[in-house]
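According to my numbering, the stretch in the sequence shown is residues 50 to 246, in order.
Here a beta-carbon is modelled for each residue, glycine too, at the ideal position from N, C-alpha and C.
The model shown is predicted, which means the values in this text are computed figures rather than measured ones.
A short worksheet on the structure shown next.
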Amino acid sequence: MNLPNKLTVSRIILTFVFMFFLFSKGLTSKSLALVVFIAAALTDLFDGMIAKSRNLITDFGKIMDPIADKILVLAAFLSFIQLQLIPAWCVIVIIGRELIITSLRLFAFSKGVVIAASKGGKHKTVSQMAAIIIILASLVFKDVMKAYFFWSPVFDKVIGSIIYLSMLSTVMLTLISGISYIWENRHLFLGLKNGQK
Numbered sequence: 050m051n052l053p054n055k056l057t058v059s060r061i062i063l064t065f066v067f068m069f070f071l072f073s074k075g076l077t078s079k080s081l082a083l084v085v086f087i088a089a090a091l092t093d094l095f096d097g098m099i100a101k102s103r104n105l106i107t108d109f110g111k112i113m114d115p116i117a118d119k120i121l122v123l124a125a126f127l128s129f130i131q132l133q134l135i136p137a138w139c140v141i142v143i144i145g146r147e148l149i150i151t152s153l154r155l156f157a158f159s160k161g162v163v164i165a166a167s168k169g170g171k172h173k174t175v176s177q178m179a180a181i182i183i184i185l186a187s188l189v190f191k192d193v194m195k196a197y198f199f200w201s202p203v204f205d206k207v208i209g210s211i212i213y214l215s216m217l218s219t220v221m222l223t224l225i226s227g228i229s230y231i232w233e234n235r236h237l238f239l240g241l242k243n244g245q246k
């Protein structure tokens with residue numbers, strides 16, 4: 050297994066480490082959850098850069114890279130629902146999009162065609178990870194303010210609005226990238242459905 054693929058697999062492993070700290074109590078745990086998530090997000094940046102610069106692009110990487118992204122992002126969003134930080138409908142829309150696109154990608158792979166993640170898909174992933182970092186940073190900020198300064202209900206409303214707007218923009222970009230992905234590959238999916246490659 051080459052270095053980019055190792056980074057991809059490490060992103061999946063870091064997902065579980067991130068969730069452990071997220072559901073642990075205390076400022077230190079929340080801070081570590083933020084750090085671990087950022088580290089996991091950076092593996093998504095570096096695995097692609099290394100694969101392209103060193104010509105280490107593989108079919109395994111093309112398939113597993115977007116899957117690792119989805120595992121990390123969806124684990125975070127589902128955890129936020131459990132913690133009552135974001136509305137469930139946002140995540141339902143995101144999951145629906147990911148299931149459809151992943152199913153199409155795996156269907157193509159079963160026919161011998163490997164479809165790498167598109168630029169729109171990458172932009173979508175970046176927006177999702179940015180939203181998650183904003184939410185995690187708000188948790189750390191709240192704990193710091195409560196522990197060392199003061200906290201007001203007004204802050205909850207401000208942070209809640211920021212989180213909602215970040216999720217709304219993420220959902221919109223997720224839908225747009227999904228529609229774009231299907232449209233750009235429509236000829237391929239129609240050909241595979243008719244038994245052509």
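N- and C-terminal bounds of the alpha helix (DSSP H) containing residue i
i, result
"residue 115", "108-131"
"residue 70", "52-71"
"residue 74", "Where residue 74 is concerned, there is no enclosing alpha helix (DSSP H), given that its DSSP letter is neither H nor E."
"residue 204", "202-233"
Nearest neighbour of residue i, chosen from the options [CA to CA]
i, options, result
"residue 194", "50, 76 and 51", "76"
"residue 79", "108, 91 and 125", "125"
"residue 111", "128, 122 and 93", "93"
"residue 158", "108, 215 and 205", "108"
"residue 86", "99, 95, 71 and 97", "71"
"residue 97", "129, 233, 237 and 168", "168"
"residue 239", "156, 147, 66 and 129", "156"
"residue 101", "128, 123, 143 and 52", "52"
"residue 4", "209, 163, 182 and 104", "The structure shown does not extend to residue 4, since the chain is modelled only from 50 to 246, so the question has no answer here."
"residue 230", "187, 220, 170 and 186", "170"
"residue 209", "133, 99 and 82", "133"
"residue 151", "183, 130 and 113", "113"
"residue 235", "69, 129 and 153", "153"
Per the contact definition of three or more C-beta pairs closer than 8 Å, is the region 111-121 in contact with the region 55-74? Cβ pair count under 8 Å is three or more, so yes.
Three or more C-beta pairs closer than 8 Å, one from the region 166-175 and one from the region 57-77: is that the case here? No, they do not touch.
Contiguous alpha helix (DSSP H) assignments of at least 4 residues, all confined to the region 155-197: 168-197
Do the region 186-205 and the region 214-224 make contact, defined as three or more Cβ pairs closer than 8 Å? no
If contact is defined by three or more beta carbon pairs under 8 Å, each pair taking one atom from either stretch, is the region 204-219 in contact with the region 133-140? yes
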